[in-house]
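Chemist:
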Amino acid sequence: MEPSELPAAGRDVLARGEGASDASLDLPRLAVRRIVLGAWMAIGVAVFAGLFTLLRQPNVGVRAGTERPVALWAVGLGLSIALLLIARAERLSPARRVEIAVGYVVLVAFLASLFRHWLPYADSDVVRGVPASAILVLFVSVLVPVPPLKMAATAVLCGLADAGALAFTVGVVGNPNPPWNLWLWLLLPNALVVVLSYLSARFVFQLGETVRRARAMGAYHLVERLGAGGMGEVWRADHRTLARPAAIKLVRPALLGDEATAERVLTRFEREARATAALTSPHTIAVYDYGRSEDGAFYS
309 MEPSELPAAG
319 RDVLARGEGA
329 SDASLDLPRL
339 AVRRIVLGAW
349 MAIGVAVFAG
359 LFTLLRQPNV
369 GVRAGTERPV
379 ALWAVGLGLS
389 IALLLIARAE
399 RLSPARRVEI
409 AVGYVVLVAF
419 LASLFRHWLP
429 YADSDVVRGV
439 PASAILVLFV
449 SVLVPVPPLK
459 MAATAVLCGL
469 ADAGALAFTV
479 GVVGNPNPPW
489 NLWLWLLLPN
499 ALVVVLSYLS
509 ARFVFQLGET
519 VRRARAMGAY
529 HLVERLGAGG
539 MGEVWRADHR
549 TLARPAAIKL
559 VRPALLGDEA
569 TAERVLTRFE
579 REARATAALT
589 SPHTIAVYDY
599 GRSEDGAFYS
């Protein structure tokens with residue numbers, strides 16, 4: 309359908325190329341939006357942690373004269389602010405911003421692991437809760453639509469960062485080396501998270517792909533609904549290969565009642581589309597394409 313058939317408001321939206329749902333169909337762009345949200349959340353957590361540090365009891369976070377350095381908190385806050393600025397930088401492609409965000413996750417996992425392991429472990433110690441690196445990876449896997457294999461690789465790197473942080477506190481800070489079984493229980497959750505993050509990312513990624521395919525109409529990609537009537541809808545659409553805006557008129561069988569009525573209406577709709585496509589007058593609309601989608605909806 310040619311844009312001139314639309315009402316004025318629809319033509320304006322089509323001309324500007326606006327639409328809040330556009331990013332929801334492009335997984336890298338959706339990932340960037342989620343990264344911005346995650347960066348704001350990370351900044352909020354860092355600020356809260358800083359306030360908690362100022363208000364804590366004197367013995368919290370201190371053992372044998374060793375205290376966790378404030379620099380770890382400051383670096384984490386700085387990285388979160390930098391991620392927010394990078395995620396909102398339009399000059400970088402969405403895919404590049406996602407890659408930078410993955411690097412940020414690994415760095416923050418290392419800082420969180422340093423904070424966790426900085427105080428020396430006593431012989432009577434048990435595991436200090438769930439690793440922050442594992443929680444971070446699981447959170448990212450359900451928040452940001454990242455390809456499953458990339459998410460699993462990120463989980464592996466975060467697990468190695470946790471092990472590297474513990475080794476750093478032993479070899480550089482001078483903490484006593486924990487017994488082997490404590491090493492095992494400290495790092496075992498990271499191995500489990502690799503599997504869980506892969507499964508979570510696979511579910512989130514496939515869900516996004518399902519939505520994208522549901523809005524695929526032949527060579528066109530539905531972006532934003534411009535209007536709806538009793539039997540159909542009109543959507544702003546993008547052609548997958550041509551830089552040409554278009555409007556898709558869509559009739560879904562589910563809105564037409566029983567199967568016989570739906571088939572009759574769709575047959576008439578197809579006949580009208582064929583007749584309109586045969587018109588060559590400049591005073592009529594231009595029909596570029598028509599057909600049926602995978603779910604049986606007819607479009608033109």
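Under my numbering, think of the first position of the sequence shown as 309, with each following residue one higher.
Note that the Cβ used here is the ideal one computed from N, Cα and C, for glycine as well.
Bear in mind the structure is a predicted one, so any value in this text is a computation, not a measurement.
Relative to the C-alpha of Val-383, which residue among Ala-420, Leu-400 and Phe-577 is closest?
Modeler: Ranking the options by Cα distance to Val-383, first place goes to Ala-420.
Chemist: Determine the DSSP secondary structure at Arg-533, reduced to helix, strand or coil.
Modeler: If DSSP states are grouped into helix, strand and coil, Arg-533 belongs with the strands.
Chemist: Assign Leu-534 to one of two classes, buried (16 or more other C-beta atoms within 10 Å of its C-beta) or exposed (fewer than that).
Modeler: By the neighbour-count rule (16 or more Cβ atoms within 10 Å), Leu-534 is buried.
Chemist: For Leu-298 and Ala-536, what's the separation of their Cα atoms in angstroms?
Modeler: There is no way to answer for residue 298, as the model of the chain reaches only from 309 to 608.
Chemist: Whole angstroms are fine: how far does the CA of Ser-441 sit from the CA of Thr-462?
Modeler: Cα-Cα distance, rounded: 11 Å.
Chemist: Return the residue from the list Leu-335, Pro-377, Leu-385 and Ala-379 that minimises the CA-CA distance to Met-349.
Modeler: When only C-alpha atoms are compared, the closest one is Leu-385.
Chemist: Helix, strand or coil: which one does DSSP assign to Glu-580?
Modeler: Three-state result, Glu-580: helix.
Chemist: Find the nearest neighbour of Val-611 within the set Leu-587, Leu-444, Val-478 and Thr-477, judged by alpha-carbon distance.
Modeler: Coverage of the chain is limited to positions 309 through 608, which leaves residue 611 absent and any answer about it impossible.
Chemist: Does DSSP classify Leu-587 as helix, strand or coil?
Modeler: DSSP places Leu-587 in coil when its eight states are reduced to three.
Chemist: Identify every residue that forms a DSSP beta bridge with Lys-458.
Modeler: According to DSSP, Lys-458 bridges with nothing at all.
Chemist: Per the contact definition of three or more C-beta pairs closer than 8 Å, is the stretch 487 to 499 in contact with the stretch 464 to 472?
Modeler: Cβ pair count under 8 Å is three or more, so yes.
Chemist: What is the C-beta distance between Pro-402 and Val-340, in whole angstroms, given that I count them as a contact (C-beta under 8 Å)?
Modeler: Confirmed, about 5 Å.
Chemist: Just to confirm, are Val-452 and Gly-346 a CB contact at a threshold of 8 Å?
Modeler: It is a contact, given that the beta carbons lie within the stated cut-off.
Chemist: Cβ of Ile-408 within 8 Å of Cβ of Ile-394?
Modeler: Yes, the Cβ-Cβ distance between Ile-408 and Ile-394 is below 8 Å.
Chemist: Considering Cα atoms alone, identify which of Asn-483, Val-464 and Thr-575 is closest to Phe-418.
Modeler: Among Asn-483, Val-464 and Thr-575, the Cα nearest to that of Phe-418 is on Val-464.
Chemist: Counting only the same chain and skipping the five closest in sequence on each side, list residues whose C-beta sits under 7 Å from that of Phe-606.
Modeler: Excluding residues within five positions, the ones whose Cβ falls inside 7 Å are Val-559, Leu-574, Phe-577, Glu-578 and Arg-600.
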